[in-house]
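Working notes, beginning with the structure itself.
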Amino acid sequence: LLALNRSASRAALFSGSSTTKLTGCSVMSNSIAPDAIKLQGSASLDVDCLISAGGMSLANPVKTFCTSLITQALPAADPFADLPAPPATNPCQNGNQSTLQPGTYCRGLSLSGSVTLSPGVYVIQGGDFKANSNANISGEGVIIYLAGSSGVTMNGTATVNLSAPTSGTYSGVLFYGDRANLAGSNTFNGTADSLLTGALYFPTQAVNYLGNFSGKNGCTQVVASTVQWSGNTTINQDCTSLGMREIPATQSVRLVE
């Protein structure tokens, strides 16, 4: 998990009564704020390590595998900085089907019932990507690009099982938010049976991760401007066959006399 914003307070926020276990994963904030990583309420966190370019504000003890938490670290590079935006294509696709085809969805994409996404690139414009109440959404080898002001909204009773491509330009990337959208917010919610395998990449936008995702047998990376985590989530970092990019390690700054 990487929060890219360089100055935001609570750039990586764990709140409420959430229980978050990120096996094989670290949390990194590029913000120089004194509370760049914040754990509040009764939230609990089990993670490989916490790393901040600024400071941390932790209401509760954090279980980590690293020997000590790292503050005043060098910012991490954006692992997807060179990723191009997919072009929109004509004609606009019809979203009112049980099996969807890749292409451009010009009025957003609002999904209800059981829907399967065929492999390929989905460009969402003119509205949000929505997983509605009790929807059951599945798809393998998909990349969903949110063009313009489009965002993601998933209902808490939806079951969403999506995986990114494992090769090609968008290998390992599941959701990608438009860099020009500087004020967007994206809500990832869902049942305990939901599984998002791939990167959620929103370099200039907020990600709110609220769902009770199990994350078993998969891998989720979150790279966003800011991240708020308030769901009960277990994620296992098993990315060996997914073609996902590594988030580069950082190091702390030390004064040498």
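Each residue of the sequence shown is one higher than the one before, starting from 3 at the first, in my numbering. Glycine is no exception: its CB is placed at the ideal position from the N, C-alpha and C atoms.
Within the segment 134–190, the runs of beta strand (DSSP E) at least 3 residues long that lie entirely inside it are, in chain order, 138–141, 144–148, 154–156, 161–165, 175–179 and 187–190.
Distances from the CA of G200 to each of S227, M246 and A133 were compared; the closest alpha carbon is that of M246.
Taking all protein chains shown into account, T22 has 16 or more neighbouring C-beta atoms within 10 Å of its C-beta and is therefore buried. Listed in chain order, the non-local C-beta contacts of G143 below 6 Å within the same chain comprise P121 and P167, local neighbours out to five positions each way being set aside. S31 is bridged by DSSP to A5 and S54. As the crow flies, the alpha-carbon of A149 is around 7 Å from that of G179.
Within the same chain, Cβ atoms closer than 7 Å to the Cβ of T155 are found at D130, K132 and T189, the five residues on either side in sequence being excluded. The count of Cβ pairs closer than 8 Å, one atom from the segment 97–112 and one from the segment 73–84, stays below three, leaving the stretches out of contact. Under the three-state reduction of DSSP output, I249 falls in the coil class, being neither helix nor strand.
Cβ contact annotation for Y147 (same chain, cutoff 6 Å, sequence separation greater than five): P88, V125 and Y178, in chain order.
A13 sits in coil when the DSSP states are folded into three classes, being neither helix nor strand. By the 16-neighbour rule on beta-carbons within 10 angstroms, P104 is buried.
The continuous stretches of beta strand (DSSP E) do not include T193, and DSSP gives it neither H nor E. The alpha-carbon separation between A61 and L164 amounts to approximately 34 Å.
Three or more beta-carbon pairs separated by less than 8 Å link the segment 48–58 to the segment 29–37, which places the two stretches in contact. When the beta-carbon positions are compared, L4 and V225 come within less than 8 Å of each other. By the neighbour-count criterion, in which a residue is buried when 16 or more other Cβ atoms sit within 10 angstroms of its Cβ, N96 is exposed. Residue K40 holds the alpha-carbon nearest to the alpha-carbon of A10 among K40, T193, I139 and S116. Beta-bridge analysis with DSSP links S112 to K132.
In this chain, the beta strand (DSSP E) harbouring D48 covers S46 to V49.
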